[in-house]
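Participant: What follows is a single structure, and I will ask about it in a moment.
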Amino acid sequence: MAGSLYRFITITTALLSVLLLVSVANPQDETKKNLDQKAKQRLLKREAANALYRFKLRLEKEGFYSGRVALNVWRSTAIDAGTFDEDQYKEFKTQLYEKSVNDSLKCFEEFILEENFYDANVCLQTWRMHSKELGTYDQAEYEAHKKTLAEARTAKTSGSKATENPKE
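In my numbering, the protein residues as written are 12 to 179.
So, in structure tokens, the structure goes:
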């Protein structure tokens, strides 16, 4: 009897020890998960900050499409990190489109001077689309630019005919 009582107490003690160890080990796993989650969150925030830096660099030094891609990458990483600000996104998007509108007008003027009318028209259409996106589109200004393009084409055509036939 004493042997079976001893065996019962030993088995009970062993089971209670196992249960105690399991319950103690589980919070350590939760702590580790919390630390992993915090590290992941820090990493996501760092990625969002890097993406924002790259966007600002693209906005300053590169063209519209490169900037647009960088803006979308920043938006995605900021959403993942939980730091996305819709107002800031709209402001950056506005800056990007304003830069594109200004660059498109410069491009238009340069190609007119170079007598590259096809590319001048592409720049004019880009200006039109992006100014519509901003809400700054002016039909009269567009028509004036279109007229400038048509006059430049006509001047080149009549100028090239005059150099071909000097007798006339």
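For every residue, glycine included, the Cβ atom is placed at its ideal position computed from N, Cα and C. It should be emphasised that the depicted structure is a prediction, and the values quoted were computed from it without experimental measurement.
Identify which residue in 51, 124, 162 and 81 has its Cα closest to the Cα of residue 62.
Facilitator: Measuring from the Cα of residue 62, the nearest candidate turns out to be 81.
Participant: Tell me which residue opens and which closes the alpha helix (DSSP H) that residue 98 is part of.
Facilitator: Segment 97-124, the alpha helix (DSSP H) holding residue 98.
Participant: Considering only the alpha carbon of each residue, which of 121, 104 and 159 lies closest to residue 75?
Facilitator: Nearest of 121, 104 and 159 to residue 75, Cα basis: 104.
Participant: Tell me which residues share the same chain as residue 163 and place their Cβ nearer than 8 Å to its Cβ, disregarding the 5 neighbours each side in the sequence.
Facilitator: These residues qualify, in order along the chain: 123, 126, 128 and 131.
Participant: Is DSSP giving residue 149 helix, strand or coil here?
Facilitator: Residue 149 falls in the coil class under three-state DSSP.
Participant: Hey, is the region 139-146 in contact with the region 105-113, meaning 3+ C-beta pairs nearer than 8 Å?
Facilitator: Counting Cβ pairs under 8 Å, three or more are found: they touch.
Participant: Leaving aside the five residues before and after residue 106 along the sequence, list all residues of the same chain whose C-beta is less than 7 Å from its C-beta, in chain order.
Facilitator: Excluding positions up to five away in sequence, the list reads 70.
Participant: Answer with buried or exposed for residue 68, where buried requires no fewer than 16 other C-beta atoms within 10 angstroms of its C-beta.
Facilitator: Its Cβ having fewer than 16 others within 10 Å, residue 68 is exposed.
Participant: Using C-beta distances below 8 Å, list every residue in its chain close to residue 91, excluding the 5 sequence neighbours before and after it, in chain order.
Facilitator: Cβ within range, chain order: 55, 58 and 59.
Participant: Between 14, 88, 146 and 119, which has its C-alpha nearest residue 156's C-alpha?
Facilitator: Of the candidates 14, 88, 146 and 119, the one whose C-alpha sits nearest the C-alpha of residue 156 is 119.
Participant: Here's the rule: buried if 16 or more other CB atoms are within 10 angstroms of the residue's CB, otherwise exposed. What is residue 53?
Facilitator: Exposed, by the Cβ-count rule.
Participant: On a CA-only basis, which of 101, 135 and 100 is nearest residue 117? Give me that one, please.
Facilitator: Out of 101, 135 and 100, 135 has the C-alpha closest to the C-alpha of residue 117.
Participant: Please work out which residues of its chain come closer than 7 Å, Cβ to Cβ, to residue 21, disregarding the five sequence neighbours upstream and downstream, and give them in chain order.
Facilitator: Cβ within range, chain order: n/a, list empty.
Participant: At which residues does the alpha helix (DSSP H) containing residue 78 begin and terminate?
Facilitator: Looking at the DSSP string, the run of the alpha helix (DSSP H) that includes residue 78 is 75-92.
Participant: Please report the straight-line C-alpha distance between residue 83 and residue 28, rounded to a whole angstrom.
Facilitator: Their Cα atoms are separated by approximately 54 Å.
Participant: Are the Cβ atoms of residue 100 and residue 86 separated by less than 8 Å?
Facilitator: Yes; because the gap between Cβ atoms is below 8 Å, this pair is in contact.
Participant: Do residue 97 and the ligand GTP come close, with the Cβ less than 7 Å from some heavy atom?
Facilitator: In the structure on display, the ligand GTP does not appear, and there are no ligands present to speak of.
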